[in-house]
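One structure is given here, and the rest of the page talks about it.
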Amino acid sequence: MRRVTIPVAYMPLVDAAPLIVAHELGFAEDEAIGLDLVPAPSWSSLRDMLGFGRVDAAHMLSAVPVAMSMGLGGMGAALSAVCVLSVNGNVIGVGRPLEARLRATGFAFDFTDARAAASAMKAVHADKLVFGVPFPFSMHVELLRYWAERTELGLDSIEIRTVPPPLMAEALEAGDIDAFCVGEPWGSVAVDRGVGALLLPGQAIWQGAPEKVLATRTDWAETEPDLLGRLIRAVWQASRWLSKPGSHITAAQILSRETYLDLPPELIDRALSGRMILSGHGEQRHCDGFLRFHGAAASFPWRSQAKWIAHRLGLTHETRTGLAAAASVFRSDLYRRHMTQTDADMPGASEKVEGAILHPTAVGSSRGRLNLLPDRFFDGAIFDPDAIE
Amino acid sequence: MQARLTIAVVEEDRDRATGIVDALEQTGDCDVHVIGNYTSLARKIAEHSPDIVLIDIDNPTRDMMEELTLASGPLDRPVAMFVSGAAGGLAREAIEAGVSAYVVDGLAPERIKPVIDTAIARFSIVRQMRNELAETRRALEERKVIDRAKGLLMKAKGIDEDAAYALLRKTAMDQGRKVADVAEALVTAAGLLG
Chain A
1 MRRVTIPVAY
11 MPLVDAAPLI
21 VAHELGFAED
31 EAIGLDLVPA
41 PSWSSLRDML
51 GFGRVDAAHM
61 LSAVPVAMSM
71 GLGGMGAALS
81 AVCVLSVNGN
91 VIGVGRPLEA
101 RLRATGFAFD
111 FTDARAAASA
121 MKAVHADKLV
131 FGVPFPFSMH
141 VELLRYWAER
151 TELGLDSIEI
161 RTVPPPLMAE
171 ALEAGDIDAF
181 CVGEPWGSVA
191 VDRGVGALLL
201 PGQAIWQGAP
211 EKVLATRTDW
221 AETEPDLLGR
231 LIRAVWQASR
241 WLSKPGSHIT
251 AAQILSRETY
261 LDLPPELIDR
271 ALSGRMILSG
281 HGEQRHCDGF
291 LRFHGAAASF
301 PWRSQAKWIA
311 HRLGLTHETR
321 TGLAAAASVF
331 RSDLYRRHMT
341 QTDADMPGAS
351 EKVEGAILHP
361 TAVGSSRGRL
371 NLLPDRFFDG
381 AIFDPDAIE
Chain W
390 MQARLTIAVV
400 EEDRDRATGI
410 VDALEQTGDC
420 DVHVIGNYTS
430 LARKIAEHSP
440 DIVLIDIDNP
450 TRDMMEELTL
460 ASGPLDRPVA
470 MFVSGAAGGL
480 AREAIEAGVS
490 AYVVDGLAPE
500 RIKPVIDTAI
510 ARFSIVRQMR
520 NELAETRRAL
530 EERKVIDRAK
540 GLLMKAKGID
550 EDAAYALLRK
560 TAMDQGRKVA
570 DVAEALVTAA
580 GLLG
């Protein structure tokens, strides 16, 4: 096979690991492709790089391709999410002043109970709470809004502002924001710089949130099926390696290199191992499935998840676009086509009722061994895509 | 008479900002404001109510601009990066030159073009200078590593500097790698063993 190099953009985050590992540990090589990994300075630049053809694939916020298909934000190139790169992995954190007030009330920082955390926040903060997030179209925004809207906090008492994660600590110190929702390592960076404490993992709001996707231009995905297949499989093999318990120390070492995150491996390991340090007081919480790359169909682009995102974006931005059209950017069809030659166990359906799985549950699949993991929303609500349309 | 164009340039580096402002002011009738500090970016931009906002594509603050393009943003008039129709080619050119531009929707293309052309030219120069600087830095780093590797070899094998370099070069050629990579591997290994 002729070896082809595919330019791929990524943001230097822990959840870029599948791409970085595919490149560094030879999973790309096994598929006879090279990855030219291009770090992006911002999510908008990453989107433009992909849209204008500087790169052919990108590590992208799951909400971005969905938003673009709804005509929200920036340029109009059609993008396809060909697989999910990571599930969960965000943290909600608070700045020092808010942390101090929460502690004064005896709040336990249990890092689990989303409802209790919201009530505690409401009790100590009378004004609008300003949250920093990395990008207007992101799981970060949707989780925050879902949480606020369904707790005592209330949607009216939060304001969401975009702050580039590397500037999040600065913005907290300057008092521009009171709290934040970011992907790792930036929550841990805020903790280690002594400017904030972690309040909740993203999974305390939704246990099955697709966080980053591998996105390509739709025309590229259709004209380069062979390359796309190799890319999806290389990333899938890398994710499988990442999910092995013995891998995260090596993975943290690789990600910590100057070319990638350029941060101490210890800091990166927290998200990979799920052992989060919450604050300067050193409280540690173990959080199972904090950031998932593989297993239980983690990389499968569920159309129902795209519909959830589209439904939420529609509420936020008051646009009414058909959910089906927005959901079709999650390409479960392409994923199936290109993964058949692997031993991946593929779900029989491409949609599910989101939030309905409370315990690991066996579902119909190509090899009959697929168990899906709990995907509960904190308020117990379920999202039935058919009931919405 | 057409109203003067108001242009905001988001740039922290004072020298670069000055260069951009000078170049833009020569294109004609416009007011150019520099925003040099990213805190409260939205408010500062709203104060000037610009027709065009220019920002370096490598600037992470760009994602804050993106927020302002949403209708619910703090600006009275939505700012959109021009990508459609005639301006599409210009957008691509701008992005390749490393400048992102946000333009108030409905602004006539003939008013935008000279500004963007000037910005593209200016940003290209800066980009080239930055690449050259990075290249020089990298060369300097490599030099340092090679010197350390030579030192290690001289000490370990009792050879002189020329012989040490020859050995590095031969190893690099045999393995099809760069001398600097071989030197780095040696320095790392020596660090681990030492």
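Keeping their order, the protein sequence lines are chains A and W. Last residue of the first sequence: number 389 in this note's numbering, and the count goes up by one each step with no gaps. Last residue of the second sequence: number 583 in this note's numbering, and the count goes up by one each step with no gaps. Note that beta-carbon positions come from the ideal geometry of N, C-alpha and C, so glycine has one too.
Whole-angstrom distance between V488 (chain W) and R516 (chain W), CA atom to CA atom:
10 angstroms
If contact is defined by three or more beta carbon pairs under 8 angstroms, each pair taking one atom from either stretch, is the stretch 188 to 197 of chain A in contact with the stretch 274 to 288 of chain A?
yes
Along chain W, which residues have their Cβ under 8 angstroms away from the Cβ of L398 (chain A)?
Since the first residue shown for chain A is 1 and the last is 389, residue 398 (chain A) is missing from the structure and cannot be characterised.
Determine the direct distance from the alpha carbon of H281 (chain A) to that of P65 (chain A), and round the result to whole angstroms.
39 angstroms
Just list the alpha helix (DSSP H) runs in the stretch 286 to 324 of chain A, keeping only unbroken ones of 4 residues or longer that don't cross its boundaries, in chain order.
303 to 317
Within the 9 angstroms Cβ cut-off, does V399 (chain W) reach chain A?
no
Which runs of the alpha helix (DSSP H) fall wholly inside the stretch 28 to 88 of chain A and span at least 4 residues, in chain order?
43 to 51 and 63 to 69
Would you please state the rounded distance, in angstroms, between the beta carbons of V21 (chain A) and I254 (chain A)? I believe it to be under 8 angstroms.
7 angstroms
Just by C-beta distance, which residues in the stretch 164 to 191 of chain A are closer than 9 angstroms to chain W?
P164, P165, P166, L167, E170, A171, A174 and D176
Going by the CB atoms, is the gap between Q305 (chain A) and P374 (chain A) shorter than 9 angstroms?
no
Please report whether the beta-carbon of F131 (chain A) lies at a distance below 9 angstroms from any beta-carbon of chain W.
no
State yes or no: is the beta carbon of D219 (chain A) nearer than 9 angstroms to at least one beta carbon in chain W?
no
Report yes or no: do three or more beta-carbon pairs, one from the stretch 561 to 570 of chain W and one from the stretch 516 to 535 of chain W, lie closer than 8 angstroms?
yes
If you measure between the beta carbons of V82 (chain A) and A9 (chain A), is that distance less than 9 angstroms?
no
Evaluate contact between the stretch 109 to 118 of chain A and the stretch 159 to 179 of chain A, counting only Cβ atoms and requiring at least three cross-stretch pairs below 8 angstroms.
no
According to a CB-to-CB cut-off of less than 8 angstroms, which residues of the stretch 146 to 163 of chain A neighbour chain W?
R161, T162 and V163
Run down chain A in chain order and give the residues with a C-beta less than 8 angstroms from the C-beta of R393 (chain W).
Chain A residues near R393 (chain W): none, gap ~28 angstroms exceeds 8 angstroms.
Could you have a look at G474 (chain W) and say whether DSSP puts it in helix, strand or coil?
Note that G474 (chain W) scores a pLDDT of 48, beneath 50, so its modelled location is shaky and nothing firm can be said.
Within 9 angstroms (strictly less), CB to CB, does L459 (chain W) reach chain A?
yes
Quick check on the burial criterion: 16 or more other C-beta atoms within 10 angstroms. Buried or exposed for P498 (chain W)?
exposed
Give a yes or no on whether the minimum CB-CB distance between G394 (chain A) and chain W is below 9 angstroms.
Absent from the model: residue 394 (chain A). The displayed extent of chain A is 1 to 389, so no value can be given.
Interface residues of chain W facing S44 (chain A) [CB-CB closer than 8 angstroms]:
R451, D452, M454, E455 and S489
Which of the residues in the stretch 33 to 65 of chain A, read from start to end, lie with their CB under 7 angstroms from any CB of chain W?
P41, S42, W43, S44, S45, D48 and F52
Distance, Cα to Cα, P463 (chain W) vs L394 (chain W)?
Confidence is the limiting factor: at P463 (chain W) the pLDDT is only 43, short of 50, which leaves the residue's position unreliable, though a coordinate-based value still follows. Computed Cα separation, rounded: 20 angstroms.
Any C-beta of chain W under 9 angstroms from that of P97 (chain A):
no
By DSSP, does N371 (chain A) sit in helix, in strand, or in coil?
strand
Check for me: the alpha helix (DSSP H) holding R516 (chain W) runs from which residue to which?
P498 to K546
Rounded to whole angstroms, what's the CA-CA distance from S299 (chain A) to G246 (chain A)? Just pull it up for me.
20 angstroms
Using a cut-off of 9 angstroms between C-beta atoms, extract the partners of P134 (chain A) located in chain W.
D452
Partners in chain A for R481 (chain W), counting only beta-carbon separations shorter than 8 angstroms
F52
Rounded straight-line distance, which links the Cα of L153 (chain A) to that of S350 (chain A):
34 angstroms
Taking a contact to mean a Cβ-Cβ separation below 9 angstroms, would you say V124 (chain A) touches R101 (chain A) in this structure?
yes
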